[in-house]
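All remarks here apply to the structure that follows.
Numbering (the UniProt record's numbering), first residue to last: 1 to 121.
What follows is the structure in structure tokens.
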């Protein structure tokens, strides 16, 4: 993680439906709005490595997020996850690896707007 401003390091890893794994972290810049969240950069990394082409748009099976206190994905990242998983498992852990919460995307983002609302599936 590169988090010199917030001092809130975040790491994330995902498991694809095909069994591949990817990992990433948050990368901050002085202008917070331009900061890359771990989950967002992780999704971009997996897409750029061909996972949509290989497994379809909804390629994510599970996501793990690691923070100081087990914080969950922000709203922006939840929406990005919505694009690439059906109802994937989401695991939150602290820096010592202790699992603090397990949930699903549908529980974190109920009644969400997605591609099917625009006629894309």
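Even glycine gets a Cβ: it sits at the ideal position worked out from N, Cα and C.
So who's on the other strand from residue i, going by DSSP bridges?
| i | result |
| --- | --- |
| residue 25 | 11 |
| residue 43 | Per DSSP, none; premise fails for residue 43. |
| residue 103 | 90 |
| residue 138 | Only positions 1 to 121 of the chain appear in the structure, and residue 138 is not among them; the question remains open. |
| residue 65 | 12 and 92 |
| residue 36 | 27 |
Whose CA, out of the options, lies closest to the CA of residue i?
| i | options | result |
| --- | --- | --- |
| residue 27 | 116, 82 and 8 | 8 |
| residue 115 | 76, 107, 77 and 58 | 58 |
| residue 127 | 119, 100 and 75 | This structure leaves residue 127 out entirely; the chain is present only between 1 and 121. |
| residue 33 | 47, 6 and 45 | 6 |
| residue 121 | 95, 109, 85 and 97 | 85 |
| residue 44 | 102, 30, 29 and 13 | 13 |
Just how far apart, CA to CA, sit residue i and residue j?
| i | j | result |
| --- | --- | --- |
| residue 41 | residue 15 | 15 Å |
| residue 52 | residue 18 | 11 Å |
| residue 69 | residue 118 | 36 Å |
| residue 112 | residue 77 | 13 Å |
| residue 72 | residue 47 | 22 Å |
* Count the C-beta pairs between the stretch 60-70 and the stretch 89-96 that are closer than 8 Å, then say yes if the count reaches three, no if not. => yes
Margin query: Under 8 Å: do the stretch 76-84 and the stretch 17-32 share three or more Cβ pairs, one atom per stretch?
Written below: no
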